[in-house]
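Written below as structure tokens is the structure these notes are about.
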Amino acid sequence: MHAPQGTLPSLAASADEHTHHPPWPQATARHGDSQPLVNWTPFDEVQMSVQGLYQSVQRSLRVRQEQGRQVQTEWDLRLKNVSFEGDELEPVIRKTELSRRSNRIMDPAAHIAPPVMELAQSGRFDLAESFLAQYARSSDDFTLYKVIDYYIAENAFYDAWTTASITPRAKSPTTKPDSIRKEIKTRLRWIDSHLSRRRQPALVVMNGLPGTGKSTVAAEVANILKGVRISSDQIRSRLLESAPQHLRHSKQRTYSEGLTERVYAGLLDRARPVLQSRRTVILDATYGRRSDRQAGQKLGSFFGVPTVLIRVECPESIAMQRLRSRLKDAGRTSDAGPLAYARLKEREEPAREWPREFFLRVSPESKE
Numbered sequence: 000m001h002a003p004q005g006t007l008p009s010l011a012a013s014a015d016e017h018t019h020h021p022p023w024p025q026a027t028a029r030h031g032d033s034q035p036l037v038n039w040t041p042f043d044e045v046q047m048s049v050q051g052l053y054q055s056v057q058r059s060l061r062v063r064q065e066q067g068r069q070v071q072t073e074w075d076l077r078l079k080n081v082s083f084e085g086d087e088l089e090p091v092i093r094k095t096e097l098s099r100r101s102n103r104i105m106d107p108a109a110h111i112a113p114p115v116m117e118l119a120q121s122g123r124f125d126l127a128e129s130f131l132a133q134y135a136r137s138s139d140d141f142t143l144y145k146v147i148d149y150y151i152a153e154n155a156f157y158d159a160w161t162t163a164s165i166t167p168r169a170k171s172p173t174t175k176p177d178s179i180r181k182e183i184k185t186r187l188r189w190i191d192s193h194l195s196r197r198r199q200p201a202l203v204v205m206n207g208l209p210g211t212g213k214s215t216v217a218a219e220v221a222n223i224l225k226g227v228r229i230s231s232d233q234i235r236s237r238l239l240e241s242a243p244q245h246l247r248h249s250k251q252r253t254y255s256e257g258l259t260e261r262v263y264a265g266l267l268d269r270a271r272p273v274l275q276s277r278r279t280v281i282l283d284a285t286y287g288r289r290s291d292r293q294a295g296q297k298l299g300s301f302f303g304v305p306t307v308l309i310r311v312e313c314p315e316s317i318a319m320q321r322l323r324s325r326l327k328d329a330g331r332t333s334d335a336g337p338l339a340y341a342r343l344k345e346r347e348e349p350a351r352e353w354p355r356e357f358f359l360r361v362s363p364e365s366k367e
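According to numbering that gives the first Met the number 0, the residues represented by the sequence shown are 0 to 367, in order.
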């Protein structure tokens with residue numbers, strides 16, 4: 000039997016290169032079993048699905064590069080001249096190469112995809128989504144949600160391909176064809192499940208004065224719904240980092256009308272790619288102005304998801320006590336104090352416009 004050359008299929012290539020898949024070997028088992036070890040037809044089908052997903056995110060990948068979301072790396076480790084030879088179709092790796100590539104561009108989303116994939120494959124979908132959301136918040140990179148599902152599928156496909164192409168041809172007396180077939184089927188089914196997953200997302204808009212416990216409630220909601228919490232305090236802090244030095248610690252500047260407009264616009268900008276990926280978003284902000292809440296409703300309507308308002312309240316004395324304690328915390332993310340509470344309370348517009356069936360009132364101090 001003549002063994003065709005085998006190379007790891009590259010999914011992130013040009014559209015022309017996707018016309019034909021690489022010449023995968025049509026392997027048959029040589030472990031005392033006449034049944035073909037690998038049926039490559041499912042691989043063709045899955046690869047077509049993954050390639051289709053790649054085509055749909057190409058523009059997002061280009062935008063991420065334009066936005067500076069991708070990074071430059073110097074080193075690259077590759078297997079060179081990999082082929083399958085002989086009747087046993089054993090893999091032959093003639094060369095490994097560690098090279099310096101000064102112009103190589105890598106997307107951080109591709110690097111966090113493997114641990115997210117492994118958590119999800121192990122049944123810990125909750126931890127996978129929590130890890131992803133934490134990375135997005137800490138890096139302020141929510142556009143990764145436009146491409147992360149592609150990178151996850153790509154990694155899972157490569158794992159399945161490696162299992163099918165290399166593992167069963169290793170000279171090992173413990174190699175069991177039936178267990179290998181089962182593992183391959185499991186991996187392919189997982190990819191198909193990942194690509195066809197029908198999430199039921201929602202947009203949750205928090206509402207309430209500083210110190211009432213909004214962020215605590217928002218974090219709990221995100222945990223329950225496996226959603227992505229986007230914090231106005233973190234956006235405000237990042238905007239202030241880029242402000243002139245003399246304005247960074249100005250209370251008037253921190254809660255000025257202009258900066259507040261940019262913060263609420265930033266909330267929606269970060270929510271869009273998450274909702275596009277069919278994941279739930281929790282907007283963690285005061286949302287005291289009717290116009291800001293209506294902008295949130297409009298965003299939810301655009302993506303066709305239910306938009307829920309959660310009003311968080313607590314006695315003013317407790318809120319004031321929290322705010323005074325917060326100002327003593329050097330690691331705080333919010334600079335809202337008693338003065339900000341009074342100013343926002345005076346300007347707050349009741350959410351009478353919100354549909355009652357999508358309105359929830361929460362009192363964290365309640366024992367119920």
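The C-beta atom is built at its ideal place from N, Cα and C for all residues, glycine as well.
Task: For T306, the residue or residues it bridges with in DSSP - done: Taking the sequence shown and counting its residues from 1, the one referred to as residue 306 is at position 307. DSSP lists L202 as partners of T306.
TODO: Determine the burial state of D148: buried for a count of at least 16 other Cβ atoms within 10 Å of its Cβ, exposed for fewer.
DONE: Reading the sequence shown from its first residue, position 149 is the one you call residue 148. Counting Cβ neighbours within 10 Å, D148 comes out buried, since at least 16 surround it.
Task: Counted within 10 angstroms of its Cβ, other Cβ atoms place I104 as buried (16 or more) or exposed - done: Numbered from its first residue, the sequence shown carries residue 104 at position 105. Under this definition I104 is an exposed residue.
Task: Reduced DSSP secondary structure (H/G/I, E/B, other) of V81 - done: To locate residue 81, count along the sequence shown from 1; it is residue 82. With a pLDDT of 48 at V81, under the threshold of 50, the predicted position of this residue should be treated as unreliable, though the coordinate-derived value follows. Strand, per DSSP.
- [ ] Label A28 either buried or exposed according to how many other C-beta atoms from any shown protein chain fall within 10 Å of its C-beta, with 16 as the threshold for buried.
- [x] Sequence index remark: in the sequence shown, residue 28 carries index 29 (1-based). Because A28 sits at a pLDDT of 38, beneath the cut-off of 50, its placement in the model cannot be relied upon, and the point is left open.
TODO: Note down the Cα distance separating I190 from P272, rounded to an integer number of angstroms.
DONE: Taking the first residue of the sequence shown as 1, we reach residue 190 at position 191. Taking the first residue of the sequence shown as 1, we reach residue 272 at position 273. Answer to the nearest angstrom: the Cα atoms are 22 Å apart.
Task: Element boundaries [alpha helix (DSSP H), containing S164] - done: By 1-based counting over the sequence shown, the position of residue 164 is 165. Residues 147–164.
Task: Endpoints, the beta strand (DSSP E) within which F358 is located - done: The residue given as residue 358 occupies position 359 in the sequence shown. Run containing F358: 358–361, per the beta strand (DSSP E) assignment.
TODO: Round the Cβ separation of G207 and T279 to the nearest angstrom and send it over; I've been treating them as touching at under 8 Å.
DONE: Taking the first residue of the sequence shown as position 1, residue 207 is located at position 208. Taking the first residue of the sequence shown as position 1, residue 279 is located at position 280. Their Cβ separation, rounded to whole angstroms, is 19 Å, which puts G207 and T279 out of contact at 8 Å.
- [ ] Determine contact between the segment 274–292 and the segment 193–207, defined as no fewer than three beta-carbon pairs at a distance below 8 Å.
- [x] yes
Task: Local Cβ density within 10 Å of R292, reported as buried at 16 or more and exposed below that - done: Your numbering for residue 292 matches position 293 in the sequence shown. So R292 counts as buried.
Task: Residue of K145, P209, V49 minimising C-alpha distance to I318 - done: Mapped onto the sequence shown, residue 318 falls at position 319. Note that residue 318 is Ala in the sequence shown here, rather than Ile. Comparing Cα positions, the closest option is P209.
Open item on the list: Tell me the rounded alpha-carbon separation between R134 and V216.
Closed with: The residue given as residue 134 occupies position 135 in the sequence shown. The residue given as residue 216 occupies position 217 in the sequence shown. A small correction: the amino acid at residue 134 is Tyr; Arg does not occupy that position in the sequence shown. C-alpha separation (whole angstroms): 20 Å.
Open item on the list: Within 10 Å of its beta-carbon, does V220 have 16 or more other beta-carbons around it, so buried, or fewer, so exposed?
Closed with: Indexing the sequence shown from 1 puts residue 220 at position 221. Buried, because 16 or more other Cβ atoms sit within 10 Å of the Cβ of V220.
Open item on the list: Under DSSP, the beta strand (DSSP E) around D369 begins and ends at which residues?
Closed with: Because the chain spans 0 through 367 in this model, residue 369 falls outside it and cannot be assessed.
TODO: Just tell me which of A339, S214, L326, M205 has its CA closest to the CA of W353.
DONE: Residue mapping note: residue 353 aligns to position 354 of the sequence shown, counting from 1. Nearest option by C-alpha distance: M205.
- [ ] Take the Cβ of K327 as the centre, count every other Cβ of all protein chains shown within 10 Å, and call the residue buried at 16 or more, exposed below.
- [x] The residue you call residue 327 lines up with position 328 of the sequence shown. Result: exposed.
Task: Under the three-state DSSP convention, the category R196 falls into - done: Here residue 196 refers to the residue found at position 197 of the sequence shown. If DSSP states are grouped into helix, strand and coil, R196 belongs with coil.
TODO: Could you name the residues that DSSP lists as bridge partners for V311?
DONE: Walking along the sequence shown from the start, residue 311 turns up at place 312. According to DSSP, V311 bridges with V361.
Task: Alpha-carbon spacing of L238 relative to A127, whole angstroms - done: The count along the sequence shown starts at 1 and reaches residue 238 at position 239. The count along the sequence shown starts at 1 and reaches residue 127 at position 128. Taking the straight line from one Cα to the other gives about 29 Å.
Open item on the list: Since E345 and R288 should fall inside the 8 Å C-beta cutoff, what is the C-beta to C-beta distance between them, to a whole number of angstroms?
Closed with: Position 346 of the sequence shown, counting from 1, holds the residue named residue 345. Position 289 of the sequence shown, counting from 1, holds the residue named residue 288. Actually they do not touch by this definition, with Cβ atoms about 12 Å apart.
Task: Inter-residue Cα distance where the pair is D139 and E182 - done: Walking along the sequence shown from the start, residue 139 turns up at place 140. Walking along the sequence shown from the start, residue 182 turns up at place 183. Each residue's alpha carbon lies about 37 Å from the other.
- [ ] Please classify R228: does DSSP put it in a helix, a strand, or coil?
- [x] Here residue 228 refers to the residue found at position 229 of the sequence shown. DSSP places R228 in strand when its eight states are reduced to three.
Open item on the list: Taking the alpha carbon of W160 as the reference point, which residue from P41, R360, S137 has its own alpha carbon closest?
Closed with: As a working note, residue 160 is residue 161 in the sequence shown. Nearest C-alpha to W160: P41.
TODO: Could you name the residues that DSSP lists as bridge partners for M105?
DONE: Within the sequence shown, numbered from 1, the residue matching residue 105 stands at position 106. Beta-bridge pairing links M105 to V70.
- [ ] Would you check if the distance between the CB atom of F357 and the CB atom of V311 is smaller than 8 Å?
- [x] On the sequence shown, position 358 is the one that residue 357 refers to. On the sequence shown, position 312 is the one that residue 311 refers to. Not closer than 8 Å, so no.
Open item on the list: Tell me the DSSP secondary structure of W189 in three-state form.
Closed with: For this step, residue 189 is matched to residue 190 along the sequence shown. The answer is helix: DSSP assigns W189 an H, G or I state.
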